Amino acid sequence: MGGSMAQLRIAMAQMNAAVGDLEGNTEKILKALQRAKRIGVDIVTFPELMLSGCPPQDLLWNAGFLADSRRMLDRIVEESEGLTVIGGCVNQQSEALYNAAVILHDGCVLGVQRKAHLANCGLFDESRYFQAGAEAQPLYLIRDLCIGVMIGEEIQAPEGPLLVQALNGANLIVHVAASPYYAGEPAFRERLLAARAVESGVTLASTNMIGGQDQLIFSGAAVIVNPQGTVLARGRLFEEDLVIADLDVQDLTDSKLRHPGCRGPVPEMSMENIPRCRLICAEPADAGRALLPLHERPLLPANPKDLYAGRSAQERNLKELYDALTLGLRDYVRKNGFTQVVLGLSGGIDSALVAALAVDALGPDHVLGVLMPGPYSSQGSIDDALALVEHLKIAHRIIAITPIYDVFLEQLAAAFEGCPPNVAEENIQARCRGVVLMGIANKFGSLTLTTGNKSEVSVGYATLYGDMAGGLGVISDLPKTKVYALARYRNQVAGYDLIPAKSLDKPPSAELRENQKDSDSLPDYQVLDAILSAYLDEHKCVPEIVELGYEPKLVSEIIRRVDRSEYKRQQAAPGLKVSTAAFGLDRRLPMTNSYRCT
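Here the sequence shown is numbered in numbering that gives the first Met the number 0, starting from 0 and rising by one per residue.
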């Protein structure tokens with residue numbers, strides 16, 4: 000494009016907010032506003048619940064928390080002089096709370112937008128805390144543009160607030176979001192936003208949270224999409240970013256002429272019964288001070304970041320998943336005040352992958368690996384664990400559990416008299432290891448990482464107070480087949496066998512009895528993961544899964560084991576969510592449950 004034209008410079012600040020850190024979150028917001036002023040930005044947008052972090056949960060019932068939030072917001076209002084600022088916050092009216100977006104203009108509060116469509120899934124039980132806002136929220140006339148504001152899931156409803164705002168004349172929709180990550184979520188969200196932009200004939204600017212919060216991970220990837228579905232700007236994945244874009248004002252206003260109202264279907268709705276949006280016009284805080292004009296300067300070229308340049312589809316998916324786990328681990332450790340993590344190293348693939356993730360998240364100086372050989376540990380497993388330690392350059396200790404285990408057996412001999420060895424003796428070994436790891440963690444103030452994968456956790460192939468003991472389940476939402484894929488991906492990135500090839504190639508084993516292999520108790524992991532996916536992700540029952548080609552007896556046994564292991568999972572360490580069927584968040588079942596899927 001040549002020449003000069005009226006333009007709107009927008010900055011989308013995808014920030015890593017820590018829940019409850021009102022001071023720290025406010026400082027991040029203020030720094031973003033100061034930077035925006037230096038580069039001549041007109042509008043700055045932030046994610047949903049930028050001040051409190053997301054989700055704040057029962058902090059919302061703390062009067063002091065709400066009062067401190069309002070005090071922090073006052074600081075942001077003052078810093079908004081010379082800018083328009085739109086971001087998510089908690090809004091209180093009498094006793095009612097709203098998930099809201101505040102619209103600030105030139106040092107004043109121009110308006111408050113209240114979320115109409117509340118999220119009620121996983122940790123987002125918003126109706127527990129918030130009242131729903133009205134379907135027809137105000138539009139804002141700012142710098143000759145009619146701007147609508149949407150929050151979170153509202154964008155998903157084709158007949159919701161987006162339609163209402165588009166039909167009421169919005170030229171630009173600012174969407175503030177805190178969309179939790181799952182595998183494939185960023186691409187799905189971008190497709191959804193593009194579809195909504197095309198349907199409504201309005202440019203959408205969506206700002207998403209990034210960072211880890213307990214089990215949740217937020218991916219960022221802020222995006223601007225025009226009414227043709229073209230991405231004009233895109234933020235980084237899993238990183239804080241200030242995404243700058245120049246929008247042609249004439250193009251934004253002309254889009255309503257090219258696409259009047261809405262291009263999508265409007266079922267059961269005519270112009271006569273469309274809710275009317277109140278129009279709020281921006282005025283200067285001081286009547287004697289003129290508003291900053293739109294900048295006259297050449298447009299920056301539309302150049303959205305290619306988040307996956309030069310990678311195959313499989314590499315993209317694996318990189319995204321690996322980066323998500325790395326971010327979730329890093330933030331869980333740091334936001335909870337830990338500097339060191341400790342984990343057991345068995346020589347197997349699960350602990351090897353978790354160790355690699357920990358090193359990438361925190362650095363090798365912050366990771367301690369503990370080898371705990373027992374009576375059935377092979378020399379090969381010890382060698383593989385030591386090779387991993389050398390490759391990752393982490394500190395390690397070797398603490399044999401056999402002497403501890405022997406004392407337990409001696410003390411339990413009378414109670415076990417006349418009973419042949421069974422799983423009890425195996426679990427005692429696992430619990431000895433749990434005691435060692437938790438003892439080290441307590442002594443040095445470290446966080447213990449558990450290394451169980453979703454396949455094992457699903458069917459209860461794990462020991463309470465043993466290998467399940469710890470503060471964070473790093474890969475507990477990752478099936479075993481994905482564990483192998485991510486380990487190979489990490490080696491590919493390294494350019495050598497960072498994770499020892501033997502850990503990848505040997506048959507997996509808990510090594511709790513002589514010549515034990517996982518295949519003694521479980522089917523091949525390819526088969527197990529396929530059946531688990533059908534049951535957990537797709538909610539299929541036995542006959543439907545059998546129709547996929549699996550043995551009825553095997554399917555029934557796997558489902559029985561999943562159902563019977565609920566009590567274990569509810570006592571497990573919190574795990575990072577990377578699927579749409581994470582235990583405890585997406586899939587919530589009673590521990591005492593007599594129903595069986597048949």
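Where a beta carbon is used, it is the ideal one built from N, C-alpha and C, also for glycine.
As the structure is a prediction and not an experimental result, all values here were calculated from the model.
Among the candidates the options, whose CA atom is the shortest distance from the CA of residue i?
{"i": "Leu-162", "options": "Gly-183, Leu-387, Gly-106 and Glu-134", "result": "Glu-134"}
{"i": "Ala-351", "options": "Pro-420, Ala-115 and Arg-487", "result": "Arg-487"}
{"i": "Leu-535", "options": "Gly-583, Gly-63, Asn-90 and Ala-196", "result": "Gly-583"}
{"i": "Ala-533", "options": "Glu-425, Gly-548 and Pro-499", "result": "Gly-548"}
{"i": "Gly-19", "options": "Gly-39, Glu-455, Ile-9 and Asn-61", "result": "Asn-61"}
{"i": "Gln-136", "options": "Ile-544, Gln-164 and Gly-81", "result": "Gln-164"}
{"i": "Asn-24", "options": "Arg-74, Pro-185 and Gly-39", "result": "Arg-74"}
{"i": "Gln-339", "options": "Leu-361, Ser-345 and Arg-430", "result": "Leu-361"}
{"i": "Met-49", "options": "Ile-146, Glu-239 and Ser-380", "result": "Glu-239"}
{"i": "Pro-54", "options": "Ala-118, Lys-30 and Met-71", "result": "Ala-118"}
{"i": "Ile-172", "options": "Ile-154, Pro-185 and Val-148", "result": "Val-148"}
{"i": "Val-248", "options": "Gly-132, Asn-170, Arg-277 and Ile-223", "result": "Asn-170"}
{"i": "Glu-47", "options": "Glu-94, Ala-281, His-174 and Gly-159", "result": "His-174"}
{"i": "Asp-364", "options": "Gly-379, Tyr-375 and Glu-389", "result": "Glu-389"}
{"i": "Tyr-594", "options": "Cys-280, Ala-177 and Cys-540", "result": "Cys-540"}
{"i": "Gly-159", "options": "Ser-199, Ala-186, Ser-93 and Tyr-97", "result": "Ser-199"}
{"i": "Ser-178", "options": "Leu-387, Arg-127 and Thr-206", "result": "Thr-206"}
{"i": "Ser-126", "options": "Cys-280, Tyr-97, Leu-485 and Ala-571", "result": "Tyr-97"}
{"i": "Lys-552", "options": "Cys-596, Asp-517 and Asn-592", "result": "Cys-596"}
{"i": "Cys-120", "options": "Leu-59, Ala-581 and Asn-592", "result": "Ala-581"}
What distance in whole Å lies between the Cβ atoms of residue j and residue i, which are believed to be in contact at a cut-off of 8 angstroms?
{"i": "Ala-221", "j": "Met-14", "result": "About 10 angstroms separates the two Cβ atoms, so there is no contact after all."}
{"i": "Ala-156", "j": "His-116", "result": "6 angstroms"}
{"i": "Tyr-404", "j": "Ile-439", "result": "Not quite, the Cβ-Cβ distance comes to about 18 angstroms (not below 8 angstroms), so this is no contact."}
{"i": "Tyr-180", "j": "Phe-217", "result": "6 angstroms"}
{"i": "Asn-225", "j": "Thr-202", "result": "5 angstroms"}
{"i": "Gly-228", "j": "Ala-193", "result": "4 angstroms"}
{"i": "Asp-466", "j": "Gly-433", "result": "7 angstroms"}
{"i": "Ile-474", "j": "Asp-349", "result": "7 angstroms"}
{"i": "Leu-387", "j": "Ile-530", "result": "Contact doesn't hold; Cβ gap of about 31 angstroms is too wide."}
{"i": "Gly-151", "j": "Ala-176", "result": "5 angstroms"}
Classify residue i as buried or exposed, calling it buried when 16 or more other Cβ atoms lie within 10 Å of its own Cβ.
{"i": "Tyr-566", "result": "exposed"}
{"i": "Pro-266", "result": "Low per-residue confidence applies at Pro-266: pLDDT is 45, beneath 50, and the placement is therefore not dependable enough to give any value."}
{"i": "Glu-319", "result": "buried"}
{"i": "Pro-372", "result": "buried"}
{"i": "Lys-453", "result": "buried"}
{"i": "Cys-418", "result": "exposed"}
{"i": "Gln-525", "result": "exposed"}
{"i": "Arg-8", "result": "buried"}
{"i": "Val-406", "result": "exposed"}
{"i": "Ser-445", "result": "buried"}
{"i": "His-538", "result": "exposed"}
{"i": "Lys-392", "result": "exposed"}
{"i": "Gln-410", "result": "exposed"}
{"i": "Gly-2", "result": "Unreliable placement is indicated for Gly-2, whose pLDDT of 46 sits below 50; the coordinate value is still reported in the next sentence. Result: exposed."}
{"i": "Ser-68", "result": "buried"}
{"i": "Ala-598", "result": "Past the edges of the chain, shown from 0 to 597, lies residue 598, and the structure says nothing about it."}
{"i": "Tyr-331", "result": "buried"}
{"i": "Met-208", "result": "buried"}
{"i": "Gly-63", "result": "exposed"}
{"i": "Arg-587", "result": "exposed"}
{"i": "Gly-287", "result": "Low confidence applies here, because Gly-287 scores a pLDDT of 36, under 50, leaving its location unreliable; read the following figure in that light. Classification for Gly-287: exposed."}
{"i": "Asp-383", "result": "buried"}
{"i": "Glu-184", "result": "buried"}
{"i": "Ala-600", "result": "Limits of the chain in this structure are 0 at one end and 597 at the other, which puts residue 600 out of reach."}
{"i": "Ser-93", "result": "exposed"}
{"i": "Lys-479", "result": "buried"}
{"i": "Arg-329", "result": "buried"}
{"i": "Ala-509", "result": "buried"}
{"i": "Gly-336", "result": "exposed"}
{"i": "Tyr-464", "result": "exposed"}
Strictly under 7 angstroms for the Cβ-Cβ distance: is residue i near chain B by that measure?
{"i": "Glu-455", "result": "In the displayed structure, chain B is absent; only one protein chain is listed."}
ask   = Between the segment 571 to 589 and the segment 324 to 336, do three or more beta carbon pairs fall short of 8 angstroms?
value = Segments in contact, yes.
request  = Examine the Cβ distances between the segment 348 to 364 and the segment 512 to 527 and report whether three or more of them are shorter than 8 angstroms.
outcome  = no
task = Would you be able to state if there are at least three C-beta pairs under 8 angstroms between the segment 76 to 84 and the segment 232 to 249?
result = no
ask   = Are there three or more Cβ pairs, one per stretch, closer than 8 angstroms when the segment 104 to 114 is compared with the segment 25 to 39?
value = Too few Cβ pairs lie closer than 8 angstroms, so no.
request  = Spell out a yes or no on whether the segment 453 to 471 and the segment 558 to 565 are touching, meaning 3 or more CB-CB pairs, one atom from each, closer than 8 angstroms.
outcome  = yes
task = Determine contact between the segment 111 to 125 and the segment 83 to 103, defined as no fewer than three beta-carbon pairs at a distance below 8 angstroms.
result = yes
key: 3 or more residues per run - each beta strand (DSSP E) lying fully within the segment 388 to 445   = 394 to 397
query = What are the uninterrupted segments assigned as beta strand (DSSP E) that are 3 or more residues long and contained completely in the segment 33 to 109, given in chain order?
reply = Counting only runs that start and end inside the segment 33 to 109, the beta strand (DSSP E) elements of at least 3 residues fall at 42 to 44, 83 to 92 and 95 to 104.
request  = Would you list, in sequence order, the uninterrupted alpha helix (DSSP H) runs of no fewer than 4 residues that lie entirely inside the segment 202 to 263?
outcome  = Whole alpha helix (DSSP H) segments, 4+ residues: 248 to 257.
message = Threshold first: 4 residues or longer. Then list the alpha helix (DSSP H) segments lying entirely within the segment 447 to 485, N to C.
response = 453 to 458
task = Could you tell me which uninterrupted alpha helix (DSSP H) segments, each at least 4 residues in length, are contained entirely in the segment 177 to 203, listed from first to last along the chain?
result = 184 to 199
request  = With a floor of 4 residues, list each alpha helix (DSSP H) that falls wholly inside the segment 517 to 559, ordered by position along the chain.
outcome  = Within the segment 517 to 559, the complete alpha helix (DSSP H) runs of at least 4 residues are 524 to 531 and 541 to 545.
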